[in-house]
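Comments concern the structure below.
What follows is the structure, given as structure tokens:
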């Protein structure tokens, strides 16, 4: 047994060198070591079992426990313990450990050997995007400003912040004796500020004018210090921070004696405590979810926690998967998932953890990058759209006993860029709020309704439908659709193009002869000789109520939502069969469970009318107060119990799905935050979408 001493290396890797200083655990550990050396493997197992009970799932204790089980011929229990160790450190040469000789032919042990080899394999999906020509820089954090088109890189060793533009030109953004080691960085784009964690540590050069950890705010344009906020606790290690859309700043204290999350309060000289808990020991990365109701924070030893602002409740993220949540430095929220930079596990890795809809449990995980030779060691990053840019080789392990960098052991700092896979792909985004999208069958032209107000507000300015042309991977604005004028006090929205591309439907507040109410009605335009005809109201289906979401199947039958006296709730789905002359029969309420007691809107019906997707609010599975998307099948003319689309829905709002029949893609509108001034158009990953279509076969 060789890992009583090597276990200390693992302890250091988790920043827990004092764990065996706990008297009971130290005593048990020493007794177990003596029993092992004396060949008393029964006592050795007893002591390691006790140690694991006091300090569950610590890698060195688990390894010793696995060896103790093996030496007592308890093969399955040994491999079960060893499996947990391998997920934390697949680089351990356990295959060569004499204590496991008796397991060599055991099938589960052989699988562990294969699994360790698999976990140790390189996964390379990104590219090196920046190489800084200063080996002694020691970068830790990175931020990005879209408006400036610049990255900002903080130096631990040299106590400064660099700016790197799109051409790779490097300039000094901030430096000076008032700064300490620069850790986490974040840009507040709205207010054009850069926020930095500045922490005095032994690894930084020179004497500091300020021996207190601070969160420092810079003017993004000039580099001038606008404010600084000191940690209220001695020896605080401010490691990372995050910023809300409104500019609220939260920072984590990594000191094991003070595992605290702070909040910046303007006008106060010191940081204010947001929360602390005995559950925590070493806080690292910190991130807000999309609607900013939850703050996620990584604890290097204990995993990921979520703090719910409204209830002030802190709870651990549940994880029943094999991959541990230990050893996380950088942590980032992206489209319902958490992106974690693990530098406390071996090999180093970046992992995407998909959250369940309530965002309190890990559903699945996926390696983004792993075991790269240049990844030594990855620390913090920044999400730019769907790409993660991260510091790849922060040289924490290259300092000597005097805390001087050993230049022979380090290389130029690099920043890598890697795309984060997602079941959602943002395909359309402007500075306005997109509320619907109609795409022609050839998928080359789109009609998008937008307004410049706030998502979900009842006092928004009128929306206008704009025409876009596909240009490569992007959409080029041609201008307002010919019948939709942003200067008119008229709201046009809910655009839909029939599957044959010959009819254009939308809803509008415009007035026409005989109209006696102020509600929106359904309008229709027909393509003749390659041009759209002037739109006309669909009189046979419009009512004095409120009409929305007109769509058709391939036979031209019309489906829409309306508020009417005979309805079940605040908005129901109706069906109007198409006549031979192109008009419609009297609308009928759809049969089945799609119409509920609250409200149904934003309808999509498949070409064959064999399935539909729609938005509904107030259902028990719902995540948003505004509405979630549901899937229903048509069985002999009756629509089945709707299925909640958990892969799509968020606590924001999802609506107006559209099916592109030629490419078999599903697109929809999403606003991840109900208070947002943005709503964008997304495409769902085909693998996810196909599971629903196959379920309908």
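Numbering (mature numbering (1 follows the signal peptide of the UniProt record, and there is no 0)), first residue to last: -21 to -1, 1 to 676.
Ideal placement from N, C-alpha and C gives every residue a C-beta, glycine not left out.
So, with DSSP's three-state summary, where would you put residue i?
{"i": "residue 498", "result": "coil"}
{"i": "residue 67", "result": "helix"}
{"i": "residue 321", "result": "strand"}
{"i": "residue 316", "result": "strand"}
{"i": "residue 623", "result": "strand"}
{"i": "residue 26", "result": "helix"}
{"i": "residue 250", "result": "coil"}
{"i": "residue 340", "result": "strand"}
{"i": "residue 185", "result": "coil"}
{"i": "residue 309", "result": "strand"}
{"i": "residue 218", "result": "strand"}
{"i": "residue 40", "result": "helix"}
{"i": "residue 672", "result": "helix"}
{"i": "residue 667", "result": "helix"}
{"i": "residue 114", "result": "coil"}
{"i": "residue 56", "result": "helix"}
{"i": "residue 86", "result": "helix"}
{"i": "residue 375", "result": "helix"}
{"i": "residue 7", "result": "helix"}
{"i": "residue 425", "result": "strand"}
{"i": "residue 571", "result": "strand"}
{"i": "residue 677", "result": "The chain is shown from -21 up to 676; residue 677 falls before or after that span and cannot be answered."}
{"i": "residue 125", "result": "coil"}
{"i": "residue 473", "result": "strand"}
{"i": "residue 177", "result": "strand"}
{"i": "residue 267", "result": "strand"}
Exposed or buried, residue i, counting other C-beta atoms within 10 Å across all chains shown (16 or more means buried)?
{"i": "residue 244", "result": "exposed"}
{"i": "residue 669", "result": "exposed"}
{"i": "residue 259", "result": "buried"}
{"i": "residue 620", "result": "exposed"}
{"i": "residue 276", "result": "buried"}
{"i": "residue 430", "result": "buried"}
{"i": "residue -12", "result": "Residue confidence is low: residue -12 scores 33 on pLDDT, short of 50, so the model does not pin down where it sits. Its coordinate-derived value is still stated next. Label assigned to residue -12: buried."}
{"i": "residue 660", "result": "buried"}
{"i": "residue 705", "result": "Absent from the structure is residue 705, since the part of the chain shown begins at -21 and ends at 676."}
{"i": "residue -1", "result": "Note that residue -1 scores a pLDDT of 47, beneath 50, so its modelled location is shaky; the value from the coordinates is reported in the next line. Classification for residue -1: exposed."}
{"i": "residue 55", "result": "exposed"}
{"i": "residue 368", "result": "buried"}
{"i": "residue 44", "result": "buried"}
{"i": "residue 616", "result": "exposed"}
For residue i versus residue j, is the C-beta spacing smaller than 8 Å?
{"i": "residue 681", "j": "residue 362", "result": "The displayed coordinates of the chain run from -21 to 676. Any statement about residue 681 would go beyond what the structure contains."}
{"i": "residue 179", "j": "residue 373", "result": "no"}
{"i": "residue 582", "j": "residue 593", "result": "yes"}
{"i": "residue 26", "j": "residue 10", "result": "yes"}
{"i": "residue 164", "j": "residue 202", "result": "no"}
{"i": "residue 249", "j": "residue 187", "result": "no"}
{"i": "residue 358", "j": "residue 278", "result": "no"}
{"i": "residue 99", "j": "residue 474", "result": "no"}
{"i": "residue 36", "j": "residue 325", "result": "no"}
{"i": "residue 218", "j": "residue 162", "result": "yes"}
{"i": "residue 392", "j": "residue 87", "result": "no"}
{"i": "residue 107", "j": "residue 395", "result": "yes"}
{"i": "residue 142", "j": "residue 197", "result": "no"}
{"i": "residue 377", "j": "residue 311", "result": "no"}
{"i": "residue 596", "j": "residue 638", "result": "no"}
{"i": "residue 416", "j": "residue 635", "result": "yes"}
{"i": "residue 459", "j": "residue 478", "result": "no"}
{"i": "residue 215", "j": "residue 181", "result": "no"}
{"i": "residue 113", "j": "residue 129", "result": "no"}
Report, in whole angstroms, the separation of the C-beta atoms of residue i and residue j, which I expect to be a contact under 8 Å.
{"i": "residue 261", "j": "residue 235", "result": "5 Å"}
{"i": "residue 232", "j": "residue 212", "result": "7 Å"}
{"i": "residue 470", "j": "residue 504", "result": "With a Cβ gap of about 17 Å, residue 470 and residue 504 do not count as contacting."}
{"i": "residue 122", "j": "residue 138", "result": "Not really, about 17 Å apart at Cβ, beyond 8 Å."}
{"i": "residue 41", "j": "residue 13", "result": "Their Cβ separation, rounded to whole angstroms, is 20 Å, which puts residue 41 and residue 13 out of contact at 8 Å."}
{"i": "residue 173", "j": "residue 199", "result": "5 Å"}
{"i": "residue 109", "j": "residue 147", "result": "7 Å"}
Please determine if the stretch 290 to 297 and the stretch 264 to 273 are in contact, where contact requires at least 3 C-beta pairs separated by less than 8 Å.
-> no
For the stretch 536 to 545 against the stretch 487 to 494, are there 3 or more C-beta pairs whose distance is under 8 Å?
-> Remark: fewer than three beta-carbon pairs, one from each stretch, lie closer than 8 Å, so the stretch 536 to 545 and the stretch 487 to 494 are not flagged as touching.
Spell out a yes or no on whether the stretch 591 to 610 and the stretch 559 to 575 are touching, meaning 3 or more CB-CB pairs, one atom from each, closer than 8 Å.
-> yes
When the Cβ atoms of the stretch 68 to 88 are set against those of the stretch 101 to 108, are three or more pairs found closer than 8 Å?
-> no
Are the stretch 443 to 452 and the stretch 415 to 425 touching by the rule of at least three beta carbon pairs closer than 8 Å?
-> yes
Taking contact to mean at least 3 C-beta pairs separated by less than 8 Å, is the stretch 555 to 564 in contact with the stretch 517 to 524?
-> yes
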